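**Q** Got a structure for you, questions after.
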Amino acid sequence: MRLWRVSNYADLSGVGGTLVAGRWHSRGRPVLYAAEHPAGAILELLAHMERGEIPATYRLLGIDAPDAAATETPPLPEDWRARPAATRAVGDAWLAEGASLLLRIPSALAPHSSNYLINPRHADAAVLRLALVEPLDLDQRLA
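So for the sequence shown, this note's numbering puts the first residue at 44; every next one is plus one.
Below you can see the structure in the form of structure tokens.
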């Protein structure tokens with residue numbers, strides 16, 4: 044499967060997760076967030092940045108991963124989108140357990156779409172491949 048990510052860095056180390064917390068992890072944990080479609084990755088970026096603030100150095104990354112590497116999200120509370128502590132607990136437990144390379148998670152922005160957490164410390168992380176790195180070419184209506 045190909046996963047998509049927008050980043051200033053074309054690496055799969057997950058170092059950003061050690062610097063700041065996210066919806067699905069606590070600060071200090073190496074992790075990568077990716078989307079099932081390029082548009083999903085762009086939507087996630089736009090939710091966190093103002094128009095005109097997206098650096099010209101950002102890249103669209105295509106990450107190849109084995110289809111069988113993903114685990115489904117455990118059941119979530121009905122109001123999970125309003126409870127970041129609940130989703131952080133799910134992600135932190137998944138990272139600590141280390142049972143799978145990928146965790147499929149629902150997008151808080153588009154709940155019928157999926158995103159993925161990538162555990163860069165998983166034993167199978169070496170199979171991940173940066174298959175595409177290209178400049179992020181946003182339509183001017185979004186940039």
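Built from N, CA and C at the ideal position, the CB exists for glycine as well. These numbers were taken from a predicted model, which means no experiment stands behind them.
Going by other Cβ atoms of all chains shown within 10 Å of its Cβ, with 16 needed for buried, is residue 58 buried or exposed?
**A** exposed
**Q** Rounded to whole angstroms, how far is the Cβ of residue 106 from the Cβ of residue 152, which I believe are closer than 8 angstroms?
**A** Not quite, the Cβ-Cβ distance comes to about 20 angstroms (not below 8 angstroms), so this is no contact.
**Q** Please report the distance separating the alpha-carbon of residue 89 from that of residue 83.
**A** 10 angstroms
**Q** Would you tell me roughly how many angstroms separate the C-alpha atoms of residue 179 and residue 49, rounded to the nearest one?
**A** Straight-line spacing of the CA atoms in residue 179 and residue 49 works out to 8 angstroms.
**Q** Note the first and the last residue of the continuous alpha helix (DSSP H) segment covering residue 129.
**A** 127-140
**Q** Could you tell me whether the Cβ atoms of residue 150 and residue 156 are closer together than 8 angstroms?
**A** yes
**Q** Near residue 79, what residues of its chain come up, given a Cβ to Cβ distance below 6 angstroms and the 5 sequence neighbours on each side ignored?
**A** 157
**Q** What residues match up with residue 113 in a beta bridge as DSSP calls it?
**A** BP columns for residue 113 point to 145.
**Q** Can you give the Cα-Cα distance for residue 87 and residue 135, rounded to whole angstroms?
**A** 20 angstroms
**Q** Can you find a C-beta in chain D that's less than 8 angstroms from the C-beta of residue 105?
**A** The structure shown contains no chain D, having only a single protein chain.
**Q** Note down the Cα distance separating residue 60 from residue 164, rounded to an integer number of angstroms.
**A** In a straight line, the C-alpha of residue 60 is about 12 angstroms away from that of residue 164.
**Q** According to DSSP, is residue 85 helix, strand or coil?
**A** helix
**Q** Where does residue 90 sit, in a helix, a strand or coil, going by DSSP?
**A** helix
**Q** Look up residue 97 in the DSSP assignment and give the residues it is bridged to.
**A** BP columns for residue 97 are empty, so no partner.
**Q** Drop a sphere of 10 angstroms on the beta-carbon of residue 62, count the other beta-carbons inside from all chains shown, and report buried for 16 or more, exposed for fewer.
**A** Classification of residue 62: exposed, given that the 10 Å Cβ count is below 16.
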